[in-house]
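Structure first, then comments.
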Amino acid sequence: MSNLQGRIPLHNGVEMPQIGLGVYKMSNSQETINAITAALANGYRAIDTASFYQNEVETGIAVKESGISREELFITTKVWNTDQGYDTTLKSFDGSLQKLGMDYVDLYLIHWPVKEKYKETWKAMERLYAEGLVKAIGVSNFHIPHLKDLLNDANEKPVINQIELHPRLTQEHIRSFCDENGITVESWSPLARGSLLSEPTINHIAKKHNKSAAQVILRWHLQHDLVIIPKSVSEKRIIENADLFDFSLSLEDMRLIDQLNMNERVGTNPDTFES
C-alpha cells in the first residue's frame with residue numbers, strides 16, 4: 622500500500638483498505654457523525670462499527686451525507702454476543718442493515734467467540750454471504766483453538782480475524798496461524814488506547830523519522846501487513862493517523878518495536894470473556 626486508497630486482497634477476492642476508522646466508544650451522536658465525515662473527507666474509505674457500539678445509525682448518516690458512492694466504501698459491522706445463534710444472527714443482521722440504511726455490508730464479523738454459539742452464528746453468516754448481503758465474513762477475538770474448531774465445520778473460511786494487537790501484545794502465534802490459513806489479521810486498539818505514546822523506544826524512532834509516536838506504531842502495523850482501525854474523534858488526529866506513506870521503518874526499527882512485546886492487554890482476554 623502506498624496511499625490511503627490502496628487496498629489489500631482477502632482470500633475470497635474482495636479487496637479492503639488497510640486503514641480504516643474505528644468508532645468504538647463513540648457515543649455522542651453528532652460527534653460520531655462529525656468524526657466519520659472528517660475521515661471520509663480526508664480520504665478514508667473504511668469504517669468499522671458494530672451493533673454493540675450503538676452507532677450504526679450515525680455511520681449510515683455520515684456515509685450517505687458524504688456523497689461518496691457506496692461501492693467506493695468498505696463498511697464493517699459485527700454481531701454481538703447476546704444475538705449469536707442461527708436465527709438471532711439473521712435477525713440482528715437485518716437490524717444492522719436497517720440502521721446503516723444500506724443494501725449490503727462489506728464485512729460482517731462475529732464479535733466474540735461465544736461458547737456453543739459461534740458455529741451456529743457462522744452458519745447464519747455463511748447464508749448471508751451466499752445471498753450476497755455481505756461481501757465477506759470473518760471473526761473477531763478468536764484464538765487458535767476457536768479458529769481450529771470453527772474451521773472443522775465451516776464451508777467458508779473467515780477472511781479476517783480482528784484481534785487486539787499492538788507492540789505490547791504482538792500476537793505472533795495467532796498471526797502465524799492466520800497467515801498459514803490465508804486469514805488476514807486486523808488490529809483493534811492498534812495504539813493500545815494511547816498507553817504506548819510515551820514509550821521511550823518508540824519516541825526515539827519517531828524523532829529519527831520526524832514523525833509522531835502514533836504514526837510510528839501505525840506504520841509498524843502496516844509493515845507487518847496488518848489492517849488497522851485507529852479511533853479518534855479529532856480531525857487533526859484522524860489526518861495524522863493516516864499520514865503514514867512518506868516514511869518507512871528500517872528492519873532495526875521493526876525489531877526494536879517487536880521487542881516491546883510483554884503480552885499485555887488493554888482489553889479483555891477472549892479466553893476469559895463472559896458474554
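In the working numbering, the protein residues as written are 622 to 896. C-beta atoms are modelled at their ideal positions from N, C-alpha and C, and glycine is treated no differently. Values in this document were obtained by computation on a predicted structure and should not be read as measured data.
C-alpha distance - V854 paired with Q675, whole-angstrom precision: 16 Å
Among L772, R748, I878, H842, nearest to N802 - alpha-carbon criterion: L772
Span of the alpha helix (DSSP H), counted from its first residue to its last, around S761: Element bounds for S761: not the alpha helix (DSSP H) but the beta strand (DSSP E), 755 to 761.
4 or more residues per run - each alpha helix (DSSP H) lying fully within the stretch 761 to 790: 765 to 774
Those runs of the beta strand (DSSP E) which lie wholly inside the stretch 724 to 750 and span at least 3 residues: 726 to 731
Contact under 8 Å by Cβ, N782 with I804: yes
Whole-number beta carbon distance between F714 and V700, since they are thought to touch under 8 Å: 7 Å
Chain-order list of residues whose beta-carbon lies under 8 Å from that of G643 (same chain, five-residue window excluded): D669, W809, I850, P851, K852
Collapsed DSSP secondary structure at M903 in the structure displayed: Since the displayed the chain opens at 622 and closes at 896, residue 903 lies outside it and no answer follows.
Beta-carbon gap between A835 and L812 smaller than 8 Å: yes
Continuous beta strand (DSSP E) assignments of at least 3 residues falling wholly in the stretch 787 to 821: 805 to 809
Residues near D874 in its chain [Cβ-Cβ closer than 6 Å; skip 5 each side]: I826
Pick from K857, T893, D867, Q792 that is closest to A660, judged by C-alpha positions: K857
Contact between the stretch 735 to 755 and the stretch 688 to 706 (3+ Cβ pairs under 8 Å): yes
Residue burial classification, L839 (beta-carbon count within 10 angstroms, cutoff 16): buried
Minimum C-alpha distance to G888 - residue among G815, H842, T680, F866: G815
Three-way DSSP call (helix, strand, coil) for M637 in this model: strand
Inside the stretch 653 to 681 only - beta strand (DSSP E) runs reaching at least 3 residues: 667 to 669
Three-way DSSP call (helix, strand, coil) for V600 in this model: Residue 600 lies beyond the residue range present for the chain, which begins at 622 and ends at 896; the question has no answer from this structure.
Proximity winner among L865, N776, L881, relative to T822 (alpha-carbon distances): L881
Beta bridge counterpart(s) of I849 as assigned by DSSP: I640, S808
Spatially closest choice to G716 from L754, K744, Y665, by CA coordinates: L754
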